[in-house]
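Right, one structure below, let's go through it.
Residue numbers (the numbering used here): 28 to 182.
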């Protein structure tokens, strides 16, 4: 029989008393199911935009922090019909390496270490304008504040 997996969360309340809550892993996964499914949307969109069938993908290399989550890995494996995921590189280092190569290319650096590297921008900017930097002292923004900031920046 498998041991029950659970999560304990501690949060200090406004009255400065700790509040504890326990949750079983299955309950957490169920609560987050929609969020997990949404992580596949950029993958599906990239395949659609590039007109590539998922069966034609030779290798799946995971990059970025969320690729460390076992549920995300399972969703990707299932989406690609059981194809094994390449986890041979550190997902965080892959992002940093890609950013460094992109910076070198954009700055015109010609170096033997990047001569054979081909970069594809799979997540282009949503706008040519940059969002204003949020002052660190503004406190916590509500979602509506962020939406207003985003709408203002995009218009």
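Beta carbons are placed, not taken as given, at the ideal position from N, Cα and C, and that holds for glycine. Here the structure is a predicted model, which means the values were calculated and not measured.
Would the beta-carbon of residue i fall within 8 Å of that of residue j?
| i | j | result |
| --- | --- | --- |
| residue 107 | residue 79 | no |
| residue 103 | residue 112 | yes |
| residue 90 | residue 122 | yes |
| residue 87 | residue 51 | no |
| residue 74 | residue 65 | no |
| residue 131 | residue 139 | no |
Within a Cβ cutoff of 7 Å, which residues of the same chain sit near residue i, ignoring the five residues on either side of it in sequence?
| i | result |
| --- | --- |
| residue 19 | Shown here, the chain extends from 28 to 182; a query on residue 19 therefore has no answer. |
| residue 38 | 46 |
| residue 40 | 46 |
| residue 72 | none |
| residue 16 | Here the chain has residues from 28 to 182 only, and residue 16 is not among them. |
Identify, in the order they occur along the chain, each residue of the same chain with its Cβ nearer than 6 Å to the Cβ of residue i, setting aside the five sequence neighbours on each side.
| i | result |
| --- | --- |
| residue 157 | Unreliable placement is indicated for residue 157, whose pLDDT of 49 sits below 50; the coordinate value is still reported in the next sentence. Cβ neighbours of residue 157 beyond the five flanking positions: none. |
| residue 155 | Because the pLDDT at residue 155 is just 47, under 50, the model does not fix this residue reliably, and the value given afterwards should be weighed accordingly. Within the same chain, residue 155 has no close Cβ partners at all. |
| residue 124 | none |
| residue 44 | none |
State the CB to CB distance for the pair residue i and residue j, rounded to an integer number of angstroms; the pair is presumed to be in contact (CB under 8 Å).
| i | j | result |
| --- | --- | --- |
| residue 92 | residue 118 | 7 Å |
Using alpha carbons as the reference points, say which of the options lies closest to residue i.
| i | options | result |
| --- | --- | --- |
| residue 115 | 76, 94, 133 | 94 |
| residue 100 | 70, 133, 120, 44 | 70 |
| residue 105 | 124, 67, 125 | 67 |
Ordered list of alpha helix (DSSP H) runs contained in the region 91-143, each at least 4 residues: Complete alpha helix (DSSP H) runs here, min 4: 97-106, 118-133.
Segments of 3+ residues assigned as beta strand (DSSP E) that fall wholly inside the region 43-93: 45-51
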